[in-house]
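Colleague:
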Amino acid sequence: MTGKLTLIGCGPGAADLLTLRAMQRIKTADLILYDRLVDPEVLSFASADSTLEYVGKGCGDGGRQQVDINARISEALSQGLTVARLKSGDPMVFGRASEELAIAVSMNADIEIVPGVTSALAAASEWSIPITERAELQCFVVTTGKSSKDGKEPDWCSVVRPGVCAAFYMSVAQSWRIQTALMAKGVPGSLQCDWIENAGKPDVRHVSSRLDRLALDAREHAVKNPAILLIRYPLSAAIADTGQASELA
Ligand code: SAH
């Protein structure tokens, strides 16, 4: 009999932001595979009979690569185990969920996904930053600072548009590139930018900045991962920026 794979969103790293469903699935799993950013307290919900294995992929810490994780999931499913794959935030947001789900699908195993509080939403709540605002911010996008496999950076200019709040994951090391790419396309340097480090955790930190100081502030305040960058581009900011107005029309 093939087992079951449950991808569980564990929130931004605070056990009390876990859903009741996530807690229940953790309690009943045979094998728990957990990531680097999952709060250790979450692991205390596991039953005494379950096996806990760390499969984090932190930079240079000897963490296992995704291929090894995939192989471990496949092995456990073939043994008929209930596997709880604990991921930070929400499993479907920059969580490499598709690769792990594909294994379970190919083996005809049961699948379940338990959503979690993604870090961008936890970050916005921490500092009371609305990500949508009537008549000002009508879209919310998530993007990443990290290049994709082919080395190409995401097209940040296509998402940071008037009326949009953009949340950048994995972006601390890319702050200079983000700043210059957006400003080169005419995004106003005065736009409010917020770094939120360790959202949801006791050591949460907020660094307020603006687009034309983004990289400088990240360096001066030593912003560190895990952090989310929120850039809000209200419609009124585009209208106020007269140089922009004709381009946007
Ligand atoms: N699936 C996760 C994202 C994993 S990618 C989610 O939904 O949140 C890892 C990135 O998430 C980090 O580089 C950072 O940008 C962000 N992140 C994770 N935990 C965070 C936290 N507590 N505070 C701020 N950012 C966080």
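So the sequence shown is numbered by the numbering used here: it starts at 1124 and just counts up by one. Ideal Cβ positions, reconstructed from N, Cα and C, are used throughout, including at glycine.
With a cut-off of 8 Å, do at least 3 Cβ pairs link the stretch 1266-1273 to the stretch 1241-1251?
Modeller: Here the stretch 1266-1273 makes no contact with the stretch 1241-1251; the two share fewer than three CB pairs at distances below 8 Å.
Colleague: Do residue 1195 and residue 1180 have their C-beta atoms within less than 8 Å of each other?
Modeller: no
Colleague: By alpha-carbon positions, which one of 1352, 1252, 1328, 1287 ends up nearest to residue 1296?
Modeller: Looking from the CA of residue 1296, the closest CA among 1352, 1252, 1328, 1287 belongs to 1352.
Colleague: Please name the residue in 1342, 1228, 1135 whose C-alpha comes closest to that of residue 1210.
Modeller: 1135
Colleague: By the 10 Å Cβ neighbour count, where 16 or more other Cβ atoms means buried, how is residue 1342 classified, buried or exposed?
Modeller: exposed
Colleague: In the DSSP assignment, what are the bridge partners of residue 1256?
Modeller: 1260
Colleague: Would a C-beta distance cut-off of 8 Å place residue 1206 and residue 1129 closer than the cut-off?
Modeller: yes
Colleague: What do you reckon, is the C-beta of residue 1213 under 7 Å from a heavy atom of the ligand NAD?
Modeller: Absence of the ligand NAD is noted for the structure shown, with the ligand SAH being the only ligands found.
Colleague: Return helix, strand or coil for residue 1206, following the three-state DSSP convention.
Modeller: strand
Colleague: On a Cα-Cα basis, can you pick out the residue from 1138, 1262, 1234 that is closest to residue 1163?
Modeller: 1138
Colleague: Counting along the chain, where does the beta strand (DSSP E) carrying residue 1355 start and finish?
Modeller: 1350-1356
Colleague: Would you please state the rounded distance, in angstroms, between the beta carbons of residue 1311 and residue 1334? I believe it to be under 8 Å.
Modeller: 7 Å
Colleague: Please return the same chain residues whose Cβ sits closer than 8 Å to the Cβ of residue 1222, not counting the five positions on each side in sequence.
Modeller: 1189, 1193
Colleague: According to the Cβ coordinates, are residue 1178 and residue 1133 closer than 8 Å?
Modeller: no
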